Amino acid sequence: MTSLYSARHQKALDLAEFHHRYAIAEENIRHHGKQIYLSPEEKQAIAHRKELAEFDLMLSKTDRAFSIVPIVNKDLQDIQESLQESLQEITSITSAHREPIPHFSESDLRSIGLPAIRQQFNITARSYANAFVKLREKGIIIHAP
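The opening residue of the sequence shown carries number 663 in the working numbering; numbering runs sequentially from there.
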């Protein structure tokens with residue numbers, strides 16, 4: 663029969679084995695903005711961490727120096743914080759590089775003339791209606807008069 667102490671010790675060894683994978687995942691997030699992919703083994707390590715907390719309660723370990731729970735909580739918190747920072751960096755980069763969508767009214771475009779529209783937007787059109795369709799296809803917003 664396995665004692666409670668040896669079972670806890672084995673769980674701690676399993677946790678140490680997977681801790682290295684979490685560190686790599688955290689570095690990937692910090693440097694490359696990649697999302698964390700948790701393998702089945704890493705998901706099991708999270709379950710082991712919860713079991714370690716239960717073992718600590720069963721063994722009545724109140725001294726934080728002997729308990730792994732604060733360390734585990736800190737590791738998970740650090741990973742979550744770095745993930746949030748990476749997501750904020752990605753959204754700020756994409757919003758900074760986004761160009762504004764041009765808006766025109768039909769009357770403004772008609773006032774500059776069809777030849778100028780063709781030249782300015784590099785399109786071929788025989789009529790204003792055809793030009794407006796091609797401009798909309800390019801993503802330009804044209805408001806009706």
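C-beta: ideal position from N, C-alpha, C; glycine also.
These figures come from a predicted structure and were not determined experimentally.
- Taking the CA atoms as reference points, A685 sits about 13 Å from L745.
- Secondary structure at I802: coil, using DSSP grouped into helix, strand and coil.
- Assigned with DSSP and collapsed to three states, S789 falls in coil, not helix or strand.
- With respect to the 8 Å criterion, L776 and I804 are not classified as neighbours on the basis of their beta carbons.
- By the neighbour-count definition (other C-beta atoms within 10 Å, threshold 16), L797 is a buried residue.
- The straight-line gap separating the alpha-carbon atoms of E768 and L749 is approximately 40 Å.
- In the same chain as F766, and ignoring 5 residues on each side of it, the C-beta atoms closer than 6 Å to its own belong to I804, in chain order.
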